[in-house]
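Protein chains in written order, with our numbering: chain E, 22 to 79; chain L, 543 to 765; chain H, 1087 to 1313.
C-beta atoms are modelled at their ideal positions from N, C-alpha and C, and glycine is treated no differently.
Notes follow the structure.
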């Protein structure tokens, strides 16, 4: 009885563990994309400032 | 095309005989493994009969793989690889040529190791010579095919080469098992239906993996 | 080009609920519905996990091989993402097969391991999985990783039938399906279906994630290069 319960617990824990691992990677991914978004928005800001200054010079 | 085939074989064999880098190491490793195994084999003759097959073919595998692994690594190191790929060779020809060279190396190893193992186990070799020749002829192409393909893959992958050779052993387990069983049955004088079934497995292994090698080789050597 | 991997995997709840329900049904059947076996008692219920896991281990390798071939022919990295996802799930199932098989062996035969055909095959399968995943992780370039992985997994898949034959003949045993009551067979079937659906869903989620991770890596490198 104990063996069978322990085995089931083991298997489901392992599968749950894999899901948990995937979730933690998903969180890291979201952070990474947030950072990338910030990076690219900064690029856009500096690019638009460049365009503005070029227009003013012209 | 056959001209290319013979040319590559000739090139590899000549360069090996001149440099003597690989074959001596392979033969020496085989001898060392054989001796270490036999030192552990403080057994009765009928017990030795049971295990000599497995030990022999494991020794052939370990020693043989060192040679097979080098067959591609050497090309990459000496910078010949780019030159070889630029020649108007079909990849099949290149694979078959490399396969043949590795096959010859494995056979050379077996010419040394089979008598050595039989001698160390005090088993009569001549009585079973025909069977051993057949086993040898059938086991080696499969080993050479898998080894050549994986070595080609490893050589192009740089530092992870040694990892790849790790994958070869589990792949070759059916072959080593079959060769070991054939040897054991031959030594025990049981040339029956079971023996022939194992021989057929060896044959099937060869056909499957030489074909697979021919099909996959071009993908293995891309860069 | 419409990059399908850029879709963020938003979890709609219907599919997970369905799968959860199926799993719950399977567990209920395995633990309560299926009759207790005469000789082994409750421990026999391990088979309702062991068999699906073993089947999934084999299926995972087959899927990897198909995806590997798909990559070699099409050179689209999405095939490799499927390959990676299937490989991870397959490895996990293979490991659990060995664990449940070992526990079963201990209960049935009193020893933690037996070189019987099925366990031996399971072990060799696990070693091949581990080797392939290790080699894949050692390659940095995505295309090289995909190519090397594909060749190895095709070799591995071709090898499996030979391993099965060799291990069976080695022991001189022909494994016989144990006699099972109809209720047991039904339970086993439901468990196989439930676990297959669950793992397939896991693989699908993981492959989306792998694609996104690769995209993030590429963009980060590009970003660093630009700045």
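Nearest by alpha-carbon distance to residue i: which of the options is it?
i, options, result
"residue 753(L)", "665(L), 638(L), 568(L), 646(L)", "638(L)"
"residue 655(L)", "749(L), 552(L), 580(L)", "580(L)"
"residue 1188(H)", "1178(H), 1181(H), 1199(H)", "1199(H)"
"residue 1216(H)", "1192(H), 1235(H), 1098(H)", "1235(H)"
"residue 1277(H)", "1105(H), 1104(H), 1116(H)", "1116(H)"
"residue 1180(H)", "1109(H), 1099(H), 1138(H)", "1138(H)"
"residue 1177(H)", "1160(H), 1218(H), 1154(H), 1118(H)", "1218(H)"
"residue 629(L)", "620(L), 612(L), 550(L)", "550(L)"
"residue 718(L)", "695(L), 694(L), 748(L), 585(L)", "748(L)"
"residue 1031(H)", "1297(H), 1284(H), 1307(H), 1274(H)", "Because chain H is modelled from 1087 through 1313, residue 1031(H) falls outside the range shown and cannot be assessed."
"residue 1134(H)", "1299(H), 1286(H), 1186(H)", "1186(H)"
"residue 648(L)", "625(L), 571(L), 667(L), 556(L)", "571(L)"
"residue 23(E)", "1159(H), 1183(H), 1127(H)", "1127(H)"
"residue 693(L)", "613(L), 606(L), 600(L)", "613(L)"
"residue 1295(H)", "73(E), 65(E), 51(E)", "51(E)"
"residue 1066(H)", "1228(H), 1208(H), 1145(H)", "An answer regarding residue 1066(H) cannot be provided, because it is not within the stretch 1087 to 1313 covered by chain H."
"residue 606(L)", "592(L), 764(L), 681(L)", "681(L)"
"residue 1101(H)", "1305(H), 1301(H), 1231(H), 1286(H)", "1286(H)"
"residue 1243(H)", "1206(H), 1282(H), 1144(H)", "1144(H)"
"residue 1113(H)", "30(E), 68(E), 71(E)", "30(E)"
"residue 667(L)", "578(L), 764(L), 731(L), 556(L)", "731(L)"
"residue 25(E)", "1266(H), 1301(H), 1123(H), 1156(H)", "1123(H)"
How big is the Cα-Cα spacing for residue i and residue j?
i, j, result
"residue 725(L)", "residue 594(L)", "8 Å"
"residue 61(E)", "residue 33(E)", "42 Å"
"residue 576(L)", "residue 554(L)", "27 Å"
"residue 716(L)", "residue 627(L)", "33 Å"
"residue 567(L)", "residue 1214(H)", "28 Å"
"residue 675(L)", "residue 644(L)", "18 Å"
"residue 1238(H)", "residue 1293(H)", "20 Å"
"residue 1171(H)", "residue 1290(H)", "8 Å"
"residue 1308(H)", "residue 1166(H)", "22 Å"
"residue 1260(H)", "residue 1184(H)", "Confidence in residue 1260(H) is poor, its pLDDT being 48 and thus under 50, which makes the residue's placement unreliable; the coordinate value appears in the next sentence. Distance between the alpha carbons of residue 1260(H) and residue 1184(H): 20 Å."
"residue 43(E)", "residue 1255(H)", "41 Å"
"residue 1298(H)", "residue 48(E)", "12 Å"
"residue 622(L)", "residue 679(L)", "31 Å"
"residue 1212(H)", "residue 1182(H)", "10 Å"
"residue 1306(H)", "residue 57(E)", "7 Å"
"residue 1192(H)", "residue 1201(H)", "13 Å"
"residue 1130(H)", "residue 1173(H)", "29 Å"
"residue 74(E)", "residue 54(E)", "30 Å"
Since residue i meets chain E, which of its residues come closer than 7 Å, beta carbon to beta carbon?
i, result
"residue 1128(H)", "22, 25"
"residue 1193(H)", "24"
"residue 1291(H)", "43"
Would you mind reading off the limits of the alpha helix (DSSP H) that contains residue i?
i, result
"residue 1185(H)", "1163–1195"
"residue 652(L)", "633–662"
"residue 747(L)", "735–762"
"residue 1212(H)", "1203–1223"
"residue 1153(H)", "1133–1160"
"residue 1251(H)", "1228–1257"
"residue 547(L)", "544–561"
"residue 732(L)", "First-last for residue 732(L): undefined, no H or E at that position."
"residue 1114(H)", "1100–1114"
"residue 765(L)", "Where residue 765(L) is concerned, there is no enclosing alpha helix (DSSP H), given that its DSSP letter is neither H nor E."
Which chain L residues sit within Cβ distance under 7 Å of residue i?
i, result
"residue 1173(H)", "Correct list: empty, because the minimum Cβ distance to chain L is about 13 Å."
"residue 1213(H)", "712"
"residue 1242(H)", "713"
Please list the partners that residue i has in chain E, where partner means a Cβ-to-Cβ separation under 8 Å.
i, result
"residue 1302(H)", "50, 53, 54, 57"
"residue 1295(H)", "43, 46, 47, 50"
"residue 1307(H)", "Residues of chain E passing the Cβ test: none, with the nearest at roughly 11 Å."
What do you reckon, are the CB atoms on residue i and residue j nearer than 7 Å?
i, j, result
"residue 543(L)", "residue 635(L)", "yes"
"residue 631(L)", "residue 552(L)", "no"
"residue 1280(H)", "residue 1108(H)", "yes"
"residue 1224(H)", "residue 705(L)", "yes"
"residue 609(L)", "residue 564(L)", "yes"
"residue 1168(H)", "residue 1153(H)", "yes"
"residue 713(L)", "residue 1241(H)", "yes"
"residue 646(L)", "residue 602(L)", "no"
"residue 591(L)", "residue 729(L)", "yes"
"residue 640(L)", "residue 690(L)", "yes"
"residue 751(L)", "residue 687(L)", "yes"
"residue 1206(H)", "residue 1253(H)", "yes"
So which residues on chain L does residue i lean against when the C-beta distance must stay under 9 Å?
i, result
"residue 1145(H)", "In chain order: nothing, as chain L lies at least about 19 Å away."
"residue 1238(H)", "692, 695, 706, 709, 713"
"residue 1230(H)", "698, 699, 764, 765"
Identify the contact partners of residue i in chain H, using a Cβ-Cβ distance below 9 Å as the criterion.
i, result
"residue 34(E)", "Going along chain H, no residue has its Cβ under 9 Å from residue 34(E), so there is no contact; the nearest lies around 10 Å."
Closer than 7 Å by beta-carbon distance: list the chain H residues that pair up with residue i, in chain order.
i, result
"residue 31(E)", "1185"
At a CB-CB cut-off below 8 Å, which residues of chain H make contact with residue i?
i, result
"residue 764(L)", "1233"
Going along chain L, which residues have a C-beta under 8 Å from residue i?
i, result
"residue 1252(H)", "715, 716, 719, 720, 743"
Counting only Cβ pairs nearer than 9 Å, list the residues of chain E close to residue i.
i, result
"residue 1123(H)", "Chain E residues near residue 1123(H): none, gap ~11 Å exceeds 9 Å."
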